[in-house]
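Just so we're aligned, residue 4 is where the sequence shown starts under my numbering, counting upward by one.
Note that CB positions come from ideal geometry on N, CA and C, so glycine has one too.
Data first, discussion second: the structure below is written as C-alpha cells.
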Amino acid sequence: KIMPQLWHVGMARVAEKAPFPELPSAGPSGLFKPGKQGAEPMTVAHIESVISAFAQAAADAKAIGMDGVEIHGAHGYLIDQFFWEGTNQRTDSWGGSMENRGRFAVEIVKAIRAATSPDFPIVLRYSQWKQQDYTARLAHTPQELEQFLIPLSDAGVDIFHCSQRRYWENEFENSELNLAGWTKKITGKPTITVGSVGLNDDFFGAFQGQDSSTRAVDDLLERLDAGEFDLVAVGRALLQDPNWANKIKENRTDELEQYSGKALATLS
4 KIMPQLWHVG
14 MARVAEKAPF
24 PELPSAGPSG
34 LFKPGKQGAE
44 PMTVAHIESV
54 ISAFAQAAAD
64 AKAIGMDGVE
74 IHGAHGYLID
84 QFFWEGTNQR
94 TDSWGGSMEN
104 RGRFAVEIVK
114 AIRAATSPDF
124 PIVLRYSQWK
134 QQDYTARLAH
144 TPQELEQFLI
154 PLSDAGVDIF
164 HCSQRRYWEN
174 EFENSELNLA
184 GWTKKITGKP
194 TITVGSVGLN
204 DDFFGAFQGQ
214 DSSTRAVDDL
224 LERLDAGEFD
234 LVAVGRALLQ
244 DPNWANKIKE
254 NRTDELEQYS
264 GKALATLS
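This is the structure in C-alpha cells:
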C-alpha cells in the first residue's frame, strides 16, 4: 500500500525563494513563531482556496491509484500553525478557541472526504511540539486533547499519526501512555507512533550531521503487541539501514546499524 503525504509548509517557507519567488509565505496570522511576523494574515478567500487545493490533491492521488492520503498537520507547518495559539492569533472563526483553531484541518478533512470516497483512508499527522518551540503543547491535559481530537475524528480522520520527539516518553503525568496511546484511547481510531524509533537521539541532531547510537526496541514491540498503538513509523533508522524492518522481524537486532549523520545527505 502507498499513500502520499499532503503538505503545506506555511510560514516555514522562506519568501522570495524559488520556485515561486514572487509569492509571499502564508500563515493564519502571518507569524512563523510568536513575535516573528513574516507576512500578512491569510484572507478567508486564501484559506478556502488552500482547503480546495488539499481536496484536489487528494482526488488526484486517488485517481492515479494511491491507497489513501496523509495530511501533514504537525511540526509547525501550515495546518499546525492554525492549531497552535502561538501562531494563530486570529479573532474570526478560524482562530481563538481550540475548536476554531482546529477548523482549518476539519474543513480540509471534510473536503478530502467529499472529493474522494467514503472508504478512502485519511491519515492525519499531528504533534504537540513545533520546530519553532520544542516545548509547545496543543493540549496540556487528556481533557484538552479530547477537545482537540474529537472534531477531527468526527470530520473523517481514519488514522492518527502521532509525532513525538521520543516515542517512549509519557504524554501526561500519572499515565504510561504516549501520544499515540492517548489518541487511540480518546478516539478509538487506529494510531501510528513515531519519534526516534530505534535510535537514542532525536531527529534535529541529524540536520547538524550528528550520529545516533541504536536503541533497543523491546519496549516498543511490547507496547505494540499490547495494543497501545497500531503502527510504527520509522525514519532515520530505516534511512541508514533499509533492512531494518526485516532485522527486527527476524530478531537480528545485533545486526542493527548505528545511524550516521551522513545518511541524510543521501536524500539530496
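Neighbourhood of residue i by C-beta distance below 8 Å, restricted to the same chain and skipping five residues each side
i, result
"His78", "Ser130, Trp132, Lys133, Gln134, Ser166"
"Thr138", "Trp132"
"Trp87", "Gly79, Arg104, Lys133, Ala139, Leu141"
"Gly38", "none"
"Val272", "Residue 272 falls outside the range modelled here, since the chain spans only 4 to 271, and no answer is possible."
Beta-carbon proximity check, residue i vs residue j, cutoff 8 Å
i, j, result
"Val112", "Leu155", "yes"
"Ala18", "Ala61", "no"
"Thr90", "Leu34", "yes"
"Gly159", "Arg106", "no"
"Asp205", "Tyr262", "no"
"Ala42", "Pro31", "no"
"Leu234", "Ile195", "yes"
"Leu223", "Tyr170", "yes"
"Ile162", "Pro121", "no"
"Ile125", "Ile74", "yes"
"Asp136", "Lys252", "no"
"Thr256", "Lys250", "yes"
Supposed contact pair residue j and residue i - C-beta distance, whole angstroms, cut 8 Å
i, j, result
"Gly76", "Leu141", "Rounded, the Cβ-Cβ distance is 10 Å, inconsistent with contact."
"Ala64", "Val72", "5 Å"
"Leu270", "Arg239", "Not confirmed; about 11 Å, so no contact."
"Ala108", "Phe85", "7 Å"
"Phe151", "Met101", "6 Å"
"Leu180", "Glu231", "6 Å"
"Trp197", "Ala248", "Note that residue 197 corresponds to Val in the displayed sequence, not to Trp. 14 Å between Cβ atoms; not a contact."
Any C-beta of chain C under 8 Å from that of residue i
i, result
"Asn177", "In summary, chain C is missing from the structure at hand, where a single protein chain is found."
Contact set for residue i: own chain, Cβ-Cβ below 6 Å, skip 5 residues either direction
i, result
"Leu182", "Cys165, Gln167, Glu174"
"Leu81", "His11, Gly13"
"Ser199", "Arg169, Asp205"
"Glu110", "Ile54"
"Arg16", "Ser28"
Where residue i falls: helix, strand or coil (DSSP)
i, result
"Trp237", "Checking the displayed sequence, the identity of residue 237 turns out to be Val instead of Trp. Residue state, collapsed to three classes: coil."
"Ile125", "strand"
"Val72", "strand"
"Lys133", "strand"
"Thr46", "coil"
"Thr256", "helix"
"Thr94", "coil"
"Thr269", "helix"
Neighbourhood of residue i by C-beta distance below 7 Å, restricted to the same chain and skipping five residues each side
i, result
"Met45", "Ala29, Gly30, Pro31"
"Gly98", "Pro31, Asn91, Gln92, Arg104"
"Glu260", "Gln243, Asp244"
"Pro7", "Ala64, Met69, Val72"
"Thr186", "Leu152, Phe163, Cys165, Thr194"
"Glu258", "Lys250"
Proximity test, residue i beta-carbon vs the ligand SAH heavy atom, cut-off 7 Å
i, result
"Phe85", "Among the components of this structure there are no ligands whatsoever, and the ligand SAH is therefore not found."
Q) In the stretch 156-214, which residue ranges form an unbroken alpha helix (DSSP H) of at least 4 residues, counting only runs that do not cross its ends? A) Fully contained in the stretch 156-214 are the following alpha helix (DSSP H) runs of length 4 or more, in chain order: 182-190.
Q) Can you list, in chain order, the stretches of the beta strand (DSSP E) that have 3 or more residues and sit fully within the stretch 9-39? A) 34-36
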